[in-house]
């Protein structure tokens, strides 16, 4: 855990942001690997199916991830002030929100995934594959949301390096499982979805084990879990605007996907590949923003307003 309340401000932000940037590059790497493997060994229709399903997944997950950012800010503030008891209460409250939110998102995704695909004008040739992909992904959304939440907690504590290790593990495992399920076992889009969920599950489990061994205040214990209503409200107040912003962005992507879908599977596959490249370009700004948020939160918590 890194204390961002001391040292040169610019250097602190830069060196804290670098592992986050590298981690995001790895994340985009395994997303790109997914596209390459699917396009090469299954075909353009499967690639179009995955591309057409992603905006729906991002829409439902965006709210939970945005709200979790609010709790990450609280973790930073309480850690900066040295109040480990409230750090623990915030982490526990985050776990409760994560569990309930993941169940809700899973149900919504599985039940309304098909109708939303139809609403987006998904071609019949890829509809069944897109629906299958969404069903599997939403069935295991707890692992994806869990890993991202634990990573956000660690970054809130000033540790941006450890989440990078977890992400490298997930990336390598995802590529290996992709090749195993698709090339060796000849599975379709279900293989892509299973590889993603399994890789994220392993990273989530490893991250929980790490938290339990790192520090007493970080340990996850079901019997001793603490819910703090004030922290819950404060987390929503800080994170909900970000969640709404991300949802609006996702709705915009869905509208764009609707237009692309009308041109057929080739256009859908090409659009999906183009988005992968676009994501690489936006990474530095996004990660710098996250690093600044953690820096500001820790220093406000410590009363170091001049550093802010």
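Numbering (the numbering used here), first residue to last: 22 to 329. Beta carbons: idealized from backbone N, C-alpha and C, even for Gly.
In three-state terms, what does DSSP make of residue i?
i: residue 219; result: helix
i: residue 143; result: coil
i: residue 182; result: coil
i: residue 131; result: helix
i: residue 268; result: helix
i: residue 283; result: coil
i: residue 113; result: helix
i: residue 231; result: helix
i: residue 207; result: coil
i: residue 199; result: helix
i: residue 293; result: helix
Using the Cα positions of residue i and residue j, report the straight-line distance between them to the nearest angstrom.
i: residue 99; j: residue 105; result: 7 Å
i: residue 231; j: residue 241; result: 10 Å
i: residue 222; j: residue 48; result: 15 Å
i: residue 202; j: residue 273; result: 33 Å
i: residue 134; j: residue 72; result: 14 Å
i: residue 125; j: residue 43; result: 32 Å
i: residue 112; j: residue 82; result: 19 Å
i: residue 181; j: residue 321; result: 19 Å
i: residue 63; j: residue 197; result: 16 Å
i: residue 34; j: residue 312; result: 6 Å
i: residue 281; j: residue 261; result: 30 Å
For residue i, tell me which candidate among the options has the shortest Cα-Cα distance.
i: residue 137; options: 185, 265 and 80; result: 80
i: residue 162; options: 120, 203 and 174; result: 120
i: residue 205; options: 39, 36 and 58; result: 58
i: residue 97; options: 195, 198, 151 and 172; result: 172
i: residue 156; options: 141, 180, 139 and 215; result: 215
i: residue 291; options: 69, 183 and 115; result: 69
i: residue 76; options: 45, 94, 177 and 289; result: 289
i: residue 314; options: 53, 85, 93 and 56; result: 93
i: residue 255; options: 107, 140, 244 and 166; result: 107
i: residue 52; options: 306, 311 and 296; result: 296
i: residue 194; options: 182, 176 and 219; result: 219
i: residue 249; options: 110, 316 and 148; result: 110
i: residue 257; options: 95, 36 and 66; result: 95
i: residue 211; options: 40, 259, 67 and 54; result: 67
i: residue 142; options: 55, 276 and 50; result: 276
i: residue 316; options: 176, 191, 235 and 61; result: 176
Going by DSSP, what residue range makes up the alpha helix (DSSP H) through residue i?
i: residue 92; result: 65 to 102
i: residue 242; result: Looking at the DSSP string, residue 242 is not in any alpha helix (DSSP H), and its letter there is neither H nor E.
i: residue 39; result: 30 to 62
i: residue 168; result: 162 to 177
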